[in-house]
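*Asks:* Protein chains in written order, with the working numbering: chain A, 1 to 327; chain B, 328 to 613.
Note that the Cβ used here is the ideal one computed from N, Cα and C, for glycine as well.
Small disclaimer: the values here were computed from a predicted structure and weren't measured.
Rendered as structure tokens:
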């Protein structure tokens, strides 16, 4: 399969994303579409640290939560536009990323994952018991509003395009990193830290940089989630399963690939939404069981995700080139 | 007196932590694979005990054995079906595999048993004891002492028996072990079985006094990570001391700061230990 067909397919995807909500004049699909994009944003943000740098962070939900709480907190206390919370959420996330990153990036592999889990659980418990942040009840945003800056819209459409724009920015940044010296450093770190270090790559520093960039975008995803749903509590903001979902989506599509998380979100989110509605109230259990089964299958048979599978299939049927295997 | 009571209670629950953490540290040290679903194994042990004692009318001496056997089988099956495929793969695949297992086990239990907490009757193992002013509930005493004995037994099994030597040989160097006529595959499966069984017994023991729920594995699994990190990975004696230590710390912080903060203190200590001594409190620098 040659490059131009691939480019054409991706162009088609972008066009489809742009016209998707217009072509279905149906609130359900608009809602589903915006959920897909939102998940794609947070999964793409995770992809930077987990996919490109190979540091499996299970604590990215902390940034999501910080980003989600700040806008609603600002509205809740001072009645001012949730928009002010976006940059504050980003700053808080950056501070947390530095605080987690500096000690834990000296650790390797599993230790980093476990440390991020512990920090995430720590913060979740503290938030659940902190009255200022609404404790276990959480915070709500504006219900109705005259100000546009409250970002309260009845239709999902405006959110959809907000999310699409943000996703575009995340992917653009990812693309730029991928093709820069930074990107080569990350690949070197992923394939072997000790080797990278001996070649003069400032390993800890670049791991911290990519973690900070990942934190910024995860925080933005959280802020967007908060204004879209107008409600946040410790479980929807800091629950570990949110992190796990980011990882599943990125890994399903293809971790360490530019469009992997988007593909993963396009496949997984409608599936989750279907199983949730199909099995009614108890459906969340089935959804998690299916998710778990999917990631076990990916882990066993295709750790590079769907994009890697696609590469192998297309290499086999469309060209005589050797299969690309960069998972 | 109340301080002593808190201390003893912490030691008893710490012994149970030590038992299931020993299972985690065994496979971690042997194969450098972390089982993120280890807490779910403990949760399954709890439900096995619950079903055995309430629906199947097992005696109070046999329900732990049942949990151990079932979880031993589960551990072996998980090794053959899942772990063997991913243990030499990228780290992301290992983490995904056991996280997937976690989701499947936790939410299968959720579907099967519902979201409510259940409890076994408080006096299932007999009445509480008053031991020189220290009030001890019988389940906690039985669980703590049994767990301690089994953990020590596990350590002796690993260091003093033929099977243990084979397992440790594979942990040291699978290729060299193979040249000595040991099948690494079989030993690793047995290690996973032992790991599962330790979680199963620990779960069954803790179920006699701990509220049982499908999501209990979340905090118990994290405690196991903390214990293993404190004790140095791969070390059963380390896990034993660290388990007792964590039990006491948890118990004291629940007493002084309130029960909701007991986990906060433990996780915060965990992060601090990772920061200052990544090789664990008792681990050697690798």
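1) Can you list the residues of chain B that residue 52/A reaches, using a CB-CB cut of under 7 angstroms?
2) Would residue 244/A count as contacting chain B if we go by Cβ distances under 8 angstroms?
3) What separation, rounded to the nearest whole angstrom, lies between the Cα atoms of residue 400/B and residue 517/B?
4) Could you tell me the distance, in whole angstroms, from the CA atom of residue 555/B to the CA atom of residue 465/B?
5) Cα separation between residue 347/B and residue 5/A?
6) Tell me which same chain residues have a C-beta within less than 6 angstroms of the C-beta of residue 395/B, skipping the five on either side of it?
7) Apply the 10 Å Cβ neighbour rule to residue 384/B and answer buried if 16 or more other Cβ atoms are within range, or exposed otherwise.
8) Would you call the CB atoms of residue 349/B and residue 567/B closer than 8 angstroms?
9) Residues bridged to residue 457/B by DSSP?
10) Going along chain B in order, which residues have a C-beta closer than 9 angstroms to the C-beta of residue 113/A?
11) Is there a Cβ of chain B sitting closer than 8 angstroms to that of residue 218/A, yes or no?
12) Which two residues bound the contiguous alpha helix (DSSP H) that contains residue 499/B?
13) By the DSSP assignment, the alpha helix (DSSP H) with residue 50/A in it spans what residues?
14) Which ranges would you report for the alpha helix (DSSP H) in the segment 183-218 of chain A if only whole runs of at least 4 residues count?
15) Residues in the segment 117-140 of chain A with C-beta within 7 angstroms of chain B's C-beta atoms, listed in sequence order?
16) Is the segment 360-376 of chain B in contact with the segment 538-553 of chain B, if contact means three or more CB pairs nearer than 8 angstroms?
17) State the DSSP-derived secondary structure class of residue 271/A, mapped to helix, strand or coil.
18) Does the segment 35-50 of chain A come close enough to the segment 220-230 of chain A to have 3 or more Cβ pairs within less than 8 angstroms?
19) Taking a contact to mean a Cβ-Cβ separation below 8 angstroms, would you say residue 498/B touches residue 561/B in this structure?
20) Can you pull the chain A neighbours of residue 426/B, defined as C-beta to C-beta under 7 angstroms?
21) So, residue 557/B versus residue 591/B, is the Cβ gap smaller than 8 angstroms?
22) With the cut-off set at 8 angstroms, would you say residue 292/A and residue 397/B are in Cβ contact?
23) Hey, residue 227/A and residue 134/A are a contact pair by Cβ (cut 8 angstroms); roughly how many whole angstroms apart?
24) Quick check: is the beta carbon of residue 47/A nearer than 8 angstroms to any beta carbon in chain B?
25) If we call anything under 8 angstroms between Cβ atoms a contact, is residue 387/B one with residue 340/B?
26) DSSP puts residue 140/A in a beta bridge; with which residues?
27) Measure the beta-carbon distance from residue 62/A to residue 115/A and round it to whole angstroms, keeping in mind my assumption that it falls under 8 angstroms.
28) Please confirm whether residue 160/A and residue 30/A have their CB atoms less than 8 angstroms apart.
29) Chain A partners of residue 371/B, CB-CB under 8 angstroms?
30) If the criterion is Cβ atoms closer than 8 angstroms, does the pair residue 238/A and residue 101/A meet it?
31) Please list, in chain order, all residues of the same chain as residue 234/A whose beta carbon is under 7 angstroms from its beta carbon, the five residues on each side excluded.
32) Would you call residue 198/A buried or exposed, if buried means 16 or more other Cβ atoms sit within 10 Å of its Cβ?
33) Please tell me whether residue 211/A has its Cβ less than 8 angstroms away from any Cβ of chain B.
34) Taking 8 angstroms as the cut-off, does the segment 33-40 of chain A touch the segment 263-283 of chain A (at least 3 CB pairs, one atom from each stretch)?
35) When the Cα of residue 213/A is compared with those of 77/A, 92/A and 8/A, which residue comes out closest?
36) Compare the Cα-Cα distances from residue 131/A to each of 21/A, 77/A, 97/A and 84/A and report the closest residue.
*Replies:* Straight from the coordinates:
1) By Cβ distance, chain B contributes nothing, its closest Cβ being about 12 angstroms from residue 52/A, past 7 angstroms.
2) yes
3) 9 angstroms
4) 28 angstroms
5) 54 angstroms
6) 524, 527 and 528
7) exposed
8) yes
9) 462/B
10) 361, 363, 418 and 422
11) no
12) 489-499
13) Counting along the chain, residue 50/A falls outside any alpha helix (DSSP H), and DSSP gives it neither H nor E.
14) 193-198
15) 117, 118, 119, 121, 122, 125, 126 and 129
16) yes
17) helix
18) yes
19) yes
20) 244 and 295
21) no
22) no
23) The Cβ separation is near 16 angstroms, so there is no contact.
24) no
25) no
26) 231/A
27) At roughly 12 angstroms, the Cβ-Cβ gap does not stay under 8 angstroms, so residue 62/A and residue 115/A are not in contact.
28) yes
29) Chain A residues near residue 371/B: none, gap ~15 angstroms exceeds 8 angstroms.
30) no
31) 124, 127, 128, 136 and 138
32) exposed
33) no
34) yes
35) 92/A
36) 77/A
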